[in-house]
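Residue numbers (our numbering), protein chains in the order written: chain S, 1 to 193; chain A, 194 to 296.
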């Protein structure tokens, strides 16, 4: 899309970005409801395993650090695309996607170890709310990784110049939102037990 | 494009700011995990952790999502549903007795 072909609303704002912020607003309500449900049922499981018996804080701290650093890589990717620096744009987009995949790897490790220790989505209220909340977040991370890999492919095709920076910016908004949701989940689910 | 607000160009912070924010986020995360393991913080663990989490949340939203520098309409579109979600969470916790106020 050339600047002349870009679409703006009557407010003068890019309609793609405006729509994406509206989508993120709706996502606030989705995750708000899931986190509320987790909090409402917290401590009401009649059988174990309970959070303090099973949650692995050191491992989750590392995955939290990983996701925070992916947000840094994402803003650096946007800056590189905006200034037309293809090499660094590809490097930072690839780094962000890689860190997202590492986070998903941590989540896979956590989920499988919980199942081995006897906690599934059917075990108790903690299992149901925990897997629903963190699983939904993980699905969002997976979608984000797909978006990032799509941008990376477009870059290698030579179709991700500064005029397309808005596509990187809205993907970045999504990625950072996924990050801030995890900031809340890490505190509410893992640290405040 | 520069005639229009809300683009991917223009008033975004520089690399130095992004790196500084990342360092602050990292330090806060280390403090959060540290506080979790210190028994003396147990009575005030929840408010301390929620405050630190709120600071991290705000930093990412303001600087990495550029809400501090972007058009006020974007801020409103994000903040109103966020406050609504927060209100629903608090209301549900009251309803289900999470604060121990309904016997």
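Cβ coordinates follow ideal geometry from the N, Cα and C atoms, glycine included.
Reference residue i, options the options, closest by Cα
i: residue 128 of chain S; options: S:13, S:10, S:34; result: S:34
i: residue 142 of chain S; options: S:76, S:185, S:14, S:171; result: S:171
i: residue 195 of chain S; options: S:186, S:125, S:159; result: Any property of residue 195 of chain S remains undetermined from this structure, which presents chain S solely from 1 to 193.
i: residue 217 of chain A; options: A:240, A:256, A:238; result: A:256
i: residue 109 of chain S; options: S:14, S:59, S:164, S:146; result: S:59
i: residue 133 of chain S; options: S:18, S:96, S:40; result: S:40
i: residue 54 of chain S; options: S:136, S:116, S:65; result: S:116
i: residue 16 of chain S; options: S:68, S:96, S:174, S:185; result: S:174
i: residue 275 of chain A; options: S:184, S:190, S:161; result: S:184
i: residue 28 of chain S; options: A:277, A:290, A:286, A:284; result: A:277
i: residue 167 of chain S; options: S:18, S:182, S:181, S:111; result: S:18
i: residue 120 of chain S; options: S:9, S:8, S:50; result: S:50
i: residue 169 of chain S; options: S:62, S:46, S:97, S:76; result: S:76
i: residue 249 of chain A; options: A:268, A:223, A:287, A:234; result: A:223
i: residue 32 of chain S; options: S:111, S:191, S:178; result: S:178
i: residue 243 of chain A; options: A:205, A:208, A:226; result: A:226
i: residue 176 of chain S; options: S:72, S:47, S:101, S:7; result: S:72
i: residue 258 of chain A; options: S:186, S:21, S:162, S:151; result: S:21
i: residue 92 of chain S; options: S:63, S:62, S:149; result: S:149
i: residue 126 of chain S; options: S:62, S:37, S:26; result: S:37
i: residue 164 of chain S; options: S:181, S:78, S:94; result: S:78
i: residue 97 of chain S; options: S:10, S:11, S:131, S:66; result: S:66
i: residue 219 of chain A; options: A:246, A:231, A:279; result: A:246
i: residue 63 of chain S; options: S:10, S:103, S:161, S:182; result: S:103
Residues sharing a beta bridge with residue i, DSSP
i: residue 263 of chain A; result: Answer is none; residue 263 of chain A lacks a bridge partner.
i: residue 14 of chain S; result: S:8
Where residue i sits in the DSSP three-state scheme
i: residue 136 of chain A; result: Residue 136 of chain A is absent from the structure shown; chain A starts at 194 and stops at 296.
i: residue 158 of chain S; result: coil
i: residue 247 of chain A; result: helix
i: residue 236 of chain A; result: helix
i: residue 192 of chain S; result: coil
i: residue 274 of chain A; result: helix
i: residue 195 of chain A; result: Residue placement at residue 195 of chain A is flagged as unreliable, the pLDDT there being 37, under the threshold of 50; the coordinate-derived value follows with that caveat. Residue state, collapsed to three classes: coil.
i: residue 205 of chain A; result: coil
i: residue 290 of chain A; result: coil
i: residue 258 of chain A; result: coil
i: residue 181 of chain S; result: helix
i: residue 283 of chain A; result: helix
i: residue 176 of chain S; result: helix
i: residue 231 of chain A; result: coil
i: residue 20 of chain S; result: helix
Proximal chain S residues relative to residue i, where beta-carbon distance stays under 9 Å
i: residue 261 of chain A; result: Residues of chain S passing the Cβ test: none, with the nearest at roughly 13 Å.
i: residue 224 of chain A; result: Simply none; closest approach about 11 Å.
i: residue 281 of chain A; result: 29, 32, 33, 36
Chain A contact residues for residue i, given Cβ-Cβ distances below 8 Å
i: residue 25 of chain S; result: 270, 271, 273, 274, 275
i: residue 106 of chain S; result: Per Cβ cutoff of 8 Å: no residues; residue 106 of chain S is ~15 Å from chain A at best.
i: residue 76 of chain S; result: 208, 211
i: residue 187 of chain S; result: 225, 242, 243, 245, 246
i: residue 61 of chain S; result: 222, 226
Where residue i meets chain S, residues with beta-carbon distance less than 7 Å
i: residue 258 of chain A; result: 173, 176
i: residue 267 of chain A; result: 21
i: residue 289 of chain A; result: 40
Any C-beta of chain B under 7 Å from that of residue i
i: residue 235 of chain A; result: Any reference to chain B falls outside this structure, whose protein chains are S and A.
8 Å Cβ cut-off: residues of chain S touching residue i
i: residue 286 of chain A; result: 36, 39, 40
i: residue 250 of chain A; result: 180, 183, 184
Neighbouring residues, chain A, relative to residue i (Cβ below 7 Å)
i: residue 66 of chain S; result: By Cβ distance, chain A contributes nothing, its closest Cβ being about 11 Å from residue 66 of chain S, past 7 Å.
i: residue 55 of chain S; result: Within chain A, no residue comes near residue 55 of chain S; the closest Cβ sits about 11 Å away, beyond 7 Å.
i: residue 191 of chain S; result: 225, 229, 242
Beta-carbon neighbours of residue i, restricted to chain A and to distances below 9 Å
i: residue 125 of chain S; result: Those do not exist, as residue 125 of chain S stays about 12 Å from chain A at its closest Cβ, beyond 9 Å.
i: residue 72 of chain S; result: 211, 212, 214, 215, 218, 257
i: residue 89 of chain S; result: Simply none; closest approach about 12 Å.
Could you name each continuous alpha helix (DSSP H) segment of 4 residues or more that falls completely within the stretch 58-146 of chain S, going from the start of the chain to the end?
86-116
Segments of 4+ residues assigned as alpha helix (DSSP H) that fall wholly inside the stretch 31-61 of chain S:
51-54
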